[in-house]
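In what follows, a structure is listed as structure tokens, so that the remarks can point back to it.
Residue numbers (my numbering): -3 to 241.
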């Protein structure tokens, strides 16, 4: 089975192909003396259209939703605007979660793991990098416009811009030498968020301990560097301090 993902990148790729066809025809006409625009003017206009794809991402996403609904498609979209960060965090850190939280995984299953990474993504965009979704969308759109691209999580994580964003994230979650207050803040945030997603208001097995959270934070850097294919030294990038939840 193909590991290519559903998502707006199909619409973006189609838009890029159509744009290329139109501008090839226009360039041919202008080069033959049948047009009033210079080739330099056409190239400038072409670049502006391609660069505008990221600002028009909502339109591509809406069109994809419409096509999926019309065809009764039920596939999840891990690269939708509100899910792309969680999907990439999970791709880089799921093995660490499985190792750090064995009791919760055994009792609650893989759905709980998804809720944890959704919580981590919300933590990043709320307390650390408020522009992270916009930056990821820019990188996603740029990847989608590459010729003959097969969009997968692995392909997206191979892009330098995406690697840099994910390394910023792991610097925030790195528990090696982190103050106890940072571990507690993140633990409280994840427990509150996951409990909210599950409709739980009291003590429950879905909540993790601070020792479990620190173990998870200690494991993350190694898995991130292995997944992204970068050296540990590069992973030690500067990042804002973890703030209180």
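For glycine and all other residues, C-beta sits at the position ideal for the given N, C-alpha and C.
Checklist entry - How many Å lie between residue 145 and residue 97 at the Cα? => result As a position in the chain shown, residue 145 is number 149, starting the count at 1. As a position in the chain shown, residue 97 is number 101, starting the count at 1. C-alpha separation (whole angstroms): 36 Å.
Checklist entry - Going straight from the alpha carbon of residue 141 to that of residue 47, what length do you get? => result As a first step, residue 141 must be located in the chain shown, where it is residue number 145. As a first step, residue 47 must be located in the chain shown, where it is residue number 51. Cα to Cα, the separation comes out at about 10 Å.
Checklist entry - Of the choices 175, 170 and 162, whose alpha-carbon is the least far from that of residue 216? => result Residue numbering aside, residue 216 sits at position 220 when the chain shown is read from its first letter. Among 175, 170 and 162, the Cα nearest to that of residue 216 belongs to 170.
Checklist entry - Tell me which same chain residues have a C-beta within less than 8 Å of the C-beta of residue 67, skipping the five on either side of it? => result Here the question's residue 67 lines up with position 71 in the chain shown. Reliability fails at residue 67, whose pLDDT of 42 lies under 50, so the model's placement of it is uncertain and no value is given.
Checklist entry - Expressed to the nearest angstrom, what Euclidean distance is found between the alpha-carbon atoms of residue 224 and residue 163? => result Residue 224 sits at position 228 when you count from the first residue of the chain shown. Residue 163 sits at position 167 when you count from the first residue of the chain shown. If you take the alpha carbons of residue 224 and residue 163, they lie about 9 Å apart.
Checklist entry - Is residue 74 helix, strand or coil when you go by DSSP? => result Numbered from its first residue, the chain shown carries residue 74 at position 78. Coil at residue 74, not helix or strand.
Next on the checklist: Since residue 189 and residue 115 should fall inside the 8 Å C-beta cutoff, what is the C-beta to C-beta distance between them, to a whole number of angstroms?
Outcome noted: Against the chain shown, residue 189 aligns to sequence position 193. Against the chain shown, residue 115 aligns to sequence position 119. Yes, residue 189 and residue 115 are in contact; Cβ-Cβ is about 4 Å, under 8 Å.
Checklist entry - Using 8 Å as the Cβ pair cut-off and three pairs as the minimum, do the segment 174 to 188 and the segment 98 to 117 touch? => result yes
Checklist entry - Between the C-alpha atoms of residue 176 and residue 213, what's the straight-line distance to the nearest angstrom? => result As a first step, residue 176 must be located in the chain shown, where it is residue number 180. As a first step, residue 213 must be located in the chain shown, where it is residue number 217. Residue 176 and residue 213: Cα-Cα distance of roughly 12 Å.
Next on the checklist: On the DSSP letters alone, give me the boundaries of the alpha helix (DSSP H) that residue 80 sits inside.
Outcome noted: Start at 1 with the first residue of the chain shown, and residue 80 comes out as number 84. First-last of the alpha helix (DSSP H) with residue 80: 80 to 96.
Checklist entry - Quick one: what does DSSP say residue 199 is sitting in, helix, strand or coil? => result Position 203 of the chain shown, counted from the first residue, corresponds to residue 199. DSSP places residue 199 in coil when its eight states are reduced to three.
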